[in-house]
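In our numbering, the protein residues as written are 271 to 752.
The beta-carbon is built from N, C-alpha and C at its ideal position, and this holds for glycine as well.
I have placed the structure first, in the form of structure tokens, so that the comments after it can refer back to it.
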């Protein structure tokens, strides 16, 4: 495993990076006790707002306040410009890919992507065959996981195209930081993120064929791990938060039950997995969805965001072919690099993976939230042997990648009434909205996720990771020493 990590605050000589000079001065001026006090203020604010997430890293499924660290990530305008271009390019290609595989399947017929990989995927949604979503948009909302390599360049780690979560924590983190470090934020000219709910609502309404389209947010209910986000976004957009039992389909239209009678719903921002959306089409035992929902969708009377079946495009095996999709559909070279990926379904690549398990990260192709990921260098011999057997028994379920040198950021470690800084590994999940005519709006920033345990590479909130605010700077703001 590589031992050289890019640090967001300090260069290899221990000097503060130009964009972080003012921030480091402020941190040093505060000292351990001052930082501890600010961290306490932030935690009280988050507690009062009830910002929670369910952690399934143990058997208890404990609901906790989202861990938050007050030392922000700083991204310069130049760095962000490349991220924006790369994410927009990637999202356009992935949307075209989805439109293609559920219709003509040109990319499969031309041999660019193996047909059996896509059609045989558990995420390939046969009921979507032949459906052209309103506006031709499959992926309305995406969250792309990025890391910084040893040189500091952002690289794509993973696409999240089904029901990406985390944007509410991003917005709330910023609100907290506006109280904790208001003067420093003003001097740094940090780009805003609080307009995301408005952008989301406008994006969803623009896709609908109806004027003044009525939007609702579909949640699995209050026991879902991301329920806070569902209720937060519905409230911020000024739309109804509904469960499946609140909805009914009648004559190919979706309606919401109200005390005044049935009210039509034109756009459903669904935070429910595909298999639970419609018991008539998917799982017949689902109590979370709406019978007939897919019928209304197929008839063109409803927008579902995101469209069912988008998971086939963020499958971890499909990820290996995204650069080829960009070349095929857009005729461009990828702006953002991604991680080399070994497909265990391929005999030669599988042999390499089996022989180098101690050097690789192995992931289930349809996994999310960090579950099922095995980091070879950190696994015991028994765990690697168990993994080897699992790969040989069902090779199509797994991919492998070299262990990545996730970049680090200083993070507060609390010690009684004081605090000290220590390096912790991080990634970044920016959020993008995809609208009519392939318009892409990318929120300037993202959810910086941090592995709170020393040496850990698992940043997922669902497994106990924390988060930081992400400061994307305006123009030449990065040159200011604040």
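For residue 714, same chain residues with a beta-carbon under 7 angstroms away, outside a window of 5 residues either side, are 350, 461, 463 and 742 in chain order.
Residue burial annotation: residue 651 is exposed, with fewer than 16 other C-beta atoms found within 10 angstroms of its C-beta. Put simply, the region 391–406 does not touch the region 598–611. Fewer than three CB pairs are less than 8 angstroms apart. Residue environment: residue 335 is assigned as exposed (fewer than 16 neighbouring CB atoms within 10 Å of its CB, all protein chains considered).
Around residue 394, the same chain offers 371, 388, 579 and 582 as residues with beta carbons nearer than 8 angstroms, after the five sequence neighbours per side are excluded.
For residue 689, the pairing in a beta bridge is given by DSSP as 684.
Annotated three-state conformation of residue 739 is strand, per DSSP. Using a Cβ-Cβ distance cut-off of 8 angstroms, the region 426–444 and the region 613–622 are not in contact, since fewer than three pairs of beta carbons, one from each stretch, lie closer than that value. Nearest to residue 356 by C-alpha distance, out of 710, 737, 738 and 723, is 710. Contact between residue 412 and residue 702 is confirmed by a C-beta separation of about 5 angstroms, below the 8 angstroms threshold. Bounds of the beta strand (DSSP E) holding residue 510 are 510–512. Inter-residue distance for residue 573 and residue 383 is about 28 angstroms (C-alpha atoms, whole angstroms).
Our two residues, residue 696 and residue 423, have alpha carbons roughly 14 angstroms apart in a direct line. Taking all protein chains shown into account, residue 531 has fewer than 16 neighbouring C-beta atoms within 10 Å of its C-beta and is therefore exposed. Contact between the region 507–524 and the region 474–493 is present, with at least three C-beta pairs closer than 8 angstroms.
In this structure residue 317 is exposed. Its beta-carbon is surrounded by fewer than 16 other beta-carbon atoms within 10 angstroms.
Shown here, residue 475 sits in a helix according to DSSP, grouped into three states.
The alpha-carbon of residue 470 is positioned some 30 angstroms away from that of residue 375.
Residue environment analysis places residue 529 among the exposed positions, since fewer than 16 neighbouring C-beta atoms fall within 10 angstroms of its C-beta. Proximity to residue 662 across 586, 653 and 620 peaks at 620, based on C-alpha coordinates. Relative to the Cα of residue 694, the nearest Cα in the group 687, 681 and 704 belongs to 681.
A Cβ-Cβ separation of about 5 angstroms places residue 409 in contact with residue 704 under the 8 angstroms criterion.
About 10 angstroms separates the beta carbon of residue 407 from that of residue 474, a gap too long to meet the 8 angstroms contact definition.
Across the structure, residue 645 and residue 633 are spaced so that their CA atoms are roughly 9 angstroms apart. The three-state secondary structure of residue 424, taken from DSSP, is strand. Take the alpha-carbon of residue 736 and the one of residue 511: they are about 27 angstroms apart.
Comparing C-alpha distances from residue 589 to each of 341, 430, 275 and 287 shows the shortest one belongs to 430.
Check the Cα spacing between residue 658 and each of 591, 730 and 625: the tightest is with 625. Under a 10 Å Cβ-count criterion, residue 557 is classified as exposed, with fewer than 16 other Cβ atoms of the shown protein chains found around its own Cβ.
For residue 446, the uninterrupted alpha helix (DSSP H) run begins and ends at 437–450, by DSSP.
For residue 504, same chain residues with a beta-carbon under 7 angstroms away, outside a window of 5 residues either side, are 487, 510 and 511 in chain order. Taking 8 angstroms as the upper bound for CB-CB distance, residue 450 and residue 308 are in contact here, some 5 angstroms apart.
Fully enclosed beta strand (DSSP E) runs of no fewer than 3 residues occupy 710–712 and 717–720 of the region 704–740, in order along the chain. In this model, residue 522 and residue 562 are separated by some 8 angstroms (Cα to Cα). The region 598–665 contains, as complete alpha helix (DSSP H) runs of 4+ residues, the segments 617–625 and 651–663 (chain order).
Here residue 342 is buried, its C-beta having at least 16 other C-beta atoms within 10 Å.
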